[in-house]
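Participant: When the letters of the sequence shown are read in order and numbered with my numbering, they come out as residues 910 to 1335.
Glycine included, C-beta positions come from ideal geometry on N, C-alpha and C.
Since this is a predicted model, take the numbers as computed values, not measurements.
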Amino acid sequence: MEKLTILLVGSGGREHALAWKIAQSPLCGRLVAAPGNPGIAAVAELKAVKATDADGLVALAKEIGADLVVVGPESALEVGLADKLVEAGIPCFGGSQRAAQLETSKAFTKDFCQRHGLPTAAYGVFEDAGGAGAFLDTLKAPFVIKADGLAAGKGVVIAATRAEADAAVLDMLGGRFGSAGARVVIEEFMHGEEASLFAISDGKTAVLFGAAQDHKRAYDGDKGPNTGGMGTYSPPPVLTDALIDQAWRELIVPTVEGMAAEGNPYVGVLYAGLMLTPTGPKLVEYNARFGDPECQTLMLRLESDIVPILLAAAKGDLASAEPPKWRDEAAICVVLAAEGYPDAPKTGGRIQGADADFGDEAVVFHAGTTREFQGRLVASGGRVLNVCALGATLHEARDVAYAALGTITLEGGFYRTDIGWRALKG
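1. Give, in chain order, every unbroken run of the alpha helix (DSSP H) that is at least 4 residues long and sits entirely within the region 1055-1113.
2. Of all the alpha helix (DSSP H) runs that stay within the bounds of the region 1210-1279, which reach a length of 4 or more residues?
3. State the Cα-Cα distance for the pair H1025 and A1056, rounded to the nearest angstrom.
4. Could you check what DSSP says for P1051 in three-state terms: helix, strand or coil?
5. Does the beta-carbon distance from A1038 to L1082 come in below 9 Å?
6. For G1033, which residues from the same chain have a beta carbon less than 6 Å from its beta carbon, with the 5 sequence-adjacent residues on both sides left out?
7. How big is the Cα-Cα spacing for G1336 and G1291?
8. What three-state label does DSSP hand F1021 in the structure shown?
9. Where does R1292 fall in DSSP's three states?
10. Assuming P944 is part of the alpha helix (DSSP H), what are its boundary residues?
11. If you drop the 5 nearest sequence neighbours on each side, which residues of the same chain put their C-beta closer than 6 Å to that of A1060?
12. Given a cut-off of 9 Å on the beta-carbon distance, is the pair R1325 and D1129 in contact?
13. When you compare only the Cα positions, how much space is there between G922 and A1271?
14. Would you say the region 1199-1212 touches the region 1237-1250, given that touching needs at least three Cβ pairs under 8 Å?
15. Is it a yes or a no for the region 1214-1227 touching the region 919-939, going by three-plus beta-carbon pairs under 8 Å?
16. R1198 to Y1142, Cα distance in whole Å?
17. My understanding is that Q1261 touches T1302, with C-beta atoms under 8 Å, so please give their C-beta distance in whole angstroms.
18. Please report the residue range of the beta strand (DSSP E) in which G909 lies.
19. Assign P1146 to buried or exposed, taking buried as 16 or more other Cβ atoms, counted over all protein chains shown, within 10 Å of its Cβ.
20. For E1194, which of helix, strand or coil comes out of DSSP?
21. What is the residue span of the alpha helix (DSSP H) that R1325 lies within?
22. Taking DSSP as the reference, what is the three-state secondary structure of K930?
23. Considering only C-alpha positions, which residue in the set S1229, F1282, G919, E983 is nearest to K959?
24. With distances taken Cα to Cα, identify the nearest neighbour of A997 among L1219, L966, D1123, Y1175.
25. Let's see if you can read the secondary structure: which residues bound the alpha helix (DSSP H) around Q1155?
26. So, for D976: in the same chain, excluding its five sequence neighbours on each side, which residues have a beta-carbon less than 6 Å away from its beta-carbon?
27. Please report the distance separating the alpha-carbon of E1102 from that of L1219.
28. From the DSSP output, in three-state form, read off R1307 for me.
29. Please determine if the region 1223-1231 and the region 992-1008 are in contact, where contact requires at least 3 C-beta pairs separated by less than 8 Å.
30. Is DSSP giving L1027 helix, strand or coil here?
31. Looking at the unbroken beta strand (DSSP E) that takes in K1132, where does it start and where does it end?
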């Protein structure tokens, strides 16, 4: 196969990990990232086109003669980037605007689950506090309150009391998340451990693409507010082969088949957030892209070339692609976040040590960074760096990652010191 020109859309840690892995492919002749970040700049050309500028990205893809466009963030899917690329005849790894509703609208997903009999929590969808309150009357604490639309991983509140639930409903409907909170989804609370299962689909066929377990709370001991993710590890021991098989049969396959049957074939990554309940895995939510920071650990563990499977999915030829091969090692990712994250992250803090050569010991992915005058690296987002490592065991990978993290400084930054605790306890 001739070498390919590949356009990668996005600018976060997930996209840096994808760029790092794509650049290793012997099939990759030219890698362009838009808009990218300082870390991605080490392996790709950067173009200043925003991930939500669908027309600008299509023009860029045409300009560089892209053979494949890989979409990182859900925001690009929400504005219909994949639809416009397909219309232009450019292979795109990423879902259509309608298919991406599995992530961009929690109400859409819950209704889809109900139509197709997929295991998930009981729920209600509301646009007014009165209806929400009446439904809350039918549930027992704790309560799960979600903004319907995209809220950067922060639109979920686990309310311990009815008063907290009512306050969360009013907060969301009152505009905290803008149009994303114009509707709220209220769910019964499910008991169990959460884990993430990934599949790649071309609209007809799906293949398993690993699993991970992340840490949503900001502080050690799972304390503090929900975030977009403070760290993750893969593989998660709690997600056994039997549970993966069950989730595949009861969730992934029916979803791919159901979306196709409804005229919205799903192309790209299907990321199932699972609750491992006493009665089996149930769907917490779907995401229409690689998880962030789950993707970082998957890219470290992926032994095979990623480009052929991305291209096969984009071209509807996944059935003929070689299935992914995985390393036996465990991978871990620890997020270094800016002061004030997730509510009001402080940007501009100076970062030192991130450009060091960590050899084979660890990999640092840039998530929210920018370079100022004279090349000084500073924080430009809430989650700033992802410090990742492989190890023969999760314990070994954790030690390597935290040793590397100890050599990096961020003014006012913080990180959790207990990533992987569930798998390492006892």
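Facilitator: Straight from the coordinates:
1. 1071-1082
2. 1216-1223
3. 23 Å
4. coil
5. yes
6. F1044, I1095
7. No answer is possible for residue 1336: it lies beyond the span of the chain, which begins at 910 and ends at 1335.
8. helix
9. strand
10. Not the alpha helix (DSSP H): P944 falls in the beta strand (DSSP E), residues 937-944.
11. F1086, A1089
12. yes
13. 15 Å
14. yes
15. yes
16. 18 Å
17. Not a contact, Cβ separation roughly 30 Å.
18. As displayed, the chain neither begins before 910 nor continues past 1335, which places residue 909 out of reach and without an answer.
19. exposed
20. strand
21. Per DSSP, R1325 belongs to no alpha helix (DSSP H) and is neither H nor E.
22. helix
23. G919
24. L966
25. 1150-1156
26. L913, T914
27. 30 Å
28. helix
29. yes
30. coil
31. 1132-1135
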